[in-house]
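A.B. asks: Once you've had a glance at the structure underneath, I'll fire off some questions.
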Amino acid sequence: MSYNFQNLQVLLVEDNKPMLNLIKTVLLSFGVGNVITSLNGEDGFREFCLFNPDLVITDWMMSPGNGLELTHSIRNHPKSPNKFAPIILMTGFSEKRRVLNARDKGITEFIVKPFNARDLYRRMHKIIESPRDFVEAPEYFGPDRRRKRKDEYTGENRRITDKDKVSQINITEIDLI
Amino acid sequence: MDIKHYNQKPKRNAKFIKAPNLIKAKVGIGGLSDAIIDRAQKLLESQTEDFRPLGEIYLKQMKAGIDKATALGKPTDSEEMIALILFPCVQLKANGGMFNYPLVTRIAERFVQFMEVVDRLDNETLEIATAFYTTIKIVLASQIKGDGGEQGEALVNELNNACMRYFDKHKDNLHPRER
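Chains as they are written, first to last, in the numbering used here: chain A, 1215 to 1391; chain B, 6 to 184.
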């Protein structure tokens, strides 16, 4: 049993045509049934409204309308058909403050160029298997920006309320719980 | 009576929403096999697009940025001016490796890191920018695909050392967020 991407519709927004064709080729070889392409963020948003794709993969630096502006429109514009659409942002930047800036604009995943086929697949897999809750706040709408989960802690459980610990504590301690 | 604490606004006003996982419903389970991913990777590696015309465009933009900053005749910390040089180099870094020029990516990446931490452009930073520009231009003109071997390694080290020497001499030019 494996994924069937045949019914998947992906909007790919990239102003560099050779790169656009290259990524489209990769997506098609993954079996994606429909790849809609656009050369900038403004056109990209028009296509998004028209086709309501399942996934958006966009470059950052484009004009008119860069990848973050496109993300903002998808998340907040009244005409957006799906404010929850997963968005993968592709960029050459990898500096932390730039990544955080992109995260704060509501992107779902970030992929640094140059990347390989497996890198792209990993981002798609994450979106499919580990979707994040959305947060609606006065100054932000987008995927939950906190990545770390409570169950990621691998250290010793030392609270007396922890299941294993309860069996080891004495009656006085139980009285205190 | 101090009622400030009692009257303060709620600190968190966020609503959590479980978004529908429409993709999962469409694609099913099981992931993609390694064979499919490897085939996609082979397609990436075997593409024959000539990167040089595109690389030349970015190099031209980078040079225009360097010339504009040089023409000012004085140091500048203008973010726009830095972006004129930095952004085309980010494009070189991003695209080189995707089109069989990983050495372009490696060299451009060093320069991007340098530019991300400098506070202002002065004569010496512009000299370093020119050195990176010239080196990338040579790599493209000579069609050095792959990592460039020992020569490629030596080029990257030399440029890296130039950046290190600069910061040894000009610690004051680290952007405040990097200090």
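By construction, the Cβ of each residue, glycine as well, lies at the ideal position given by its N, Cα and C atoms.
Taking beta-carbon pairs under 9 Å, can you tell me which members of the segment 1305-1323 of chain A lie near chain B?
C.D. replies: Answer in chain order: 1305, 1306, 1307, 1308, 1309, 1311, 1312.
A.B. asks: Give a yes or no on whether the C-beta atoms belonging to residue 120(B) and residue 91(B) are separated by under 8 Å.
C.D. replies: Yes.
A.B. asks: Please list, in chain order, the chain A residues whose beta carbon lies closer than 9 Å to that of residue 100(B).
C.D. replies: Ordered by position in chain A, the residues that pass the 9 Å Cβ test against residue 100(B) are 1230, 1232, 1233, 1306, 1327, 1328.
A.B. asks: Can you tell me whether residue 124(B) sits near the ligand ZN, meaning its C-beta is under 7 Å from at least one heavy atom of the ligand?
C.D. replies: Looking at this structure, you won't find the ligand ZN or any other ligand, since it has none at all.
A.B. asks: Of the choices 1305(A), 1262(A), 1230(A), 1357(A), whose alpha-carbon is the least far from that of residue 1284(A)?
C.D. replies: It is 1262(A).
A.B. asks: Quick check on residue 1277(A) - is its C-beta less than 8 Å from some C-beta in chain B?
C.D. replies: Chain B contact via Cβ: absent.
A.B. asks: Cβ of residue 1221(A) less than 8 Å from any chain B Cβ?
C.D. replies: Output row for residue 1221(A): interface = yes.
A.B. asks: Nearest to residue 1329(A) by CA position, among 1349(A), 1305(A), 1339(A), 1320(A), is which residue?
C.D. replies: Checked all of 1349(A), 1305(A), 1339(A), 1320(A); the closest Cα to residue 1329(A) is 1305(A).
A.B. asks: Between the alpha carbons of residue 1291(A) and residue 1298(A), how many angstroms are there, rounded?
C.D. replies: Spanning the two alpha carbons is a distance of roughly 12 Å.
A.B. asks: Any idea which residues DSSP pairs residue 20(B) with across the strands?
C.D. replies: For residue 20(B), which the question treats as bridged, DSSP gives the partners 1350(A).
A.B. asks: Could you name the residues of chain A that residue 110(B) contacts, counting a contact when the two beta carbons are closer than 8 Å?
C.D. replies: Within chain A, the residues near residue 110(B) are 1328.
A.B. asks: Start and end of the alpha helix (DSSP H) containing residue 1252(A)?
C.D. replies: That residue, residue 1252(A), is in no alpha helix (DSSP H); its beta strand (DSSP E) goes 1248-1252.
A.B. asks: Taking 8 Å as the threshold (C-beta atoms), are residue 1216(A) and residue 48(B) in contact?
C.D. replies: Taking 8 Å as the Cβ cut-off, residue 48(B) and residue 1216(A) do not qualify as a contacting pair.
A.B. asks: Considering only the beta carbon of each residue, do residue 271(B) and residue 63(B) sit closer than 8 Å?
C.D. replies: With chain B covering only 6 through 184, there is no way to say anything about residue 271(B).
A.B. asks: Between residue 92(B) and chain A, is the shortest Cβ-Cβ distance under 8 Å, so that the two count as touching?
C.D. replies: Yes, because at least one Cβ of chain A sits closer than 8 Å to the Cβ of residue 92(B).
A.B. asks: Pick helix, strand or coil for residue 1273(A), following the three-state DSSP scheme.
C.D. replies: Looking at residue 1273(A) - three-state DSSP - the assignment turns out to be strand.
A.B. asks: Just how far apart, CA to CA, sit residue 1303(A) and residue 1311(A)?
C.D. replies: The alpha-carbon atoms of residue 1303(A) and residue 1311(A) are separated by roughly 15 Å.
A.B. asks: Please check if any C-beta of chain B sits within less than 8 Å of the C-beta of residue 1250(A).
C.D. replies: So, not an interface residue.
A.B. asks: Output, in chain order, the set of chain B residues within a Cβ distance shorter than 9 Å of residue 1350(A).
C.D. replies: Result: 19, 20, 21, 22.
A.B. asks: Measuring CB atoms only, is the segment 70-89 of chain B touching the segment 154-162 of chain B, in the sense that at least three cross pairs come out at less than 8 Å?
C.D. replies: Contact between the segment 70-89 of chain B and the segment 154-162 of chain B is absent, because fewer than three Cβ pairs lie under 8 Å.
A.B. asks: Using the beta-carbon of each residue, which ones in chain B are nearer than 7 Å to residue 1218(A)?
C.D. replies: Within chain B, the residues near residue 1218(A) are 32, 33.
A.B. asks: Would you please verify whether the beta carbon of residue 179(B) is less than 8 Å from any beta carbon of chain A?
C.D. replies: Not an interface residue.
A.B. asks: Candidates 1331(A), 1259(A), 1345(A), 1254(A): which alpha carbon is nearest residue 1238(A)'s?
C.D. replies: Looking at the Cα atoms, 1331(A) is the closest of the given residues.
A.B. asks: Check each candidate in 38(B), 116(B), 59(B) and name the one with the smallest Cα separation from residue 88(B).
C.D. replies: Checked all of 38(B), 116(B), 59(B); the closest Cα to residue 88(B) is 116(B).
A.B. asks: Nearest by alpha-carbon distance to residue 148(B): which of 50(B), 33(B), 57(B) is it?
C.D. replies: Nearest option by C-alpha distance: 57(B).
A.B. asks: Could you name the residues of the segment 42-65 of chain B whose beta carbon sits closer than 7 Å to any beta carbon of chain A, in the order they occur along the chain?
C.D. replies: Of all residues in the segment 42-65 of chain B, 42, 44, 45, 46, 48, 49, 52, 54, 59 have a Cβ within less than 7 Å of some Cβ in chain A.
A.B. asks: Under the rule that 16 or more other beta-carbon atoms within 10 Å means buried, what is residue 178(B), buried or exposed?
C.D. replies: Residue 178(B) should be labelled buried.
A.B. asks: From what residue to what residue does the alpha helix (DSSP H) around residue 1326(A) run?
C.D. replies: No alpha helix (DSSP H) holds residue 1326(A); the beta strand (DSSP E) holding it covers 1323-1326.
A.B. asks: Bridge partners for residue 1303(A) per DSSP, in chain order?
C.D. replies: In DSSP, residue 1303(A) forms a bridge with 1272(A), 1324(A).
A.B. asks: Helix or strand or just coil, what does DSSP make of residue 1390(A)?
C.D. replies: Residue placement at residue 1390(A) is poorly supported in this model, since its pLDDT is 37, which falls under 50; the coordinates are not used for a value here.
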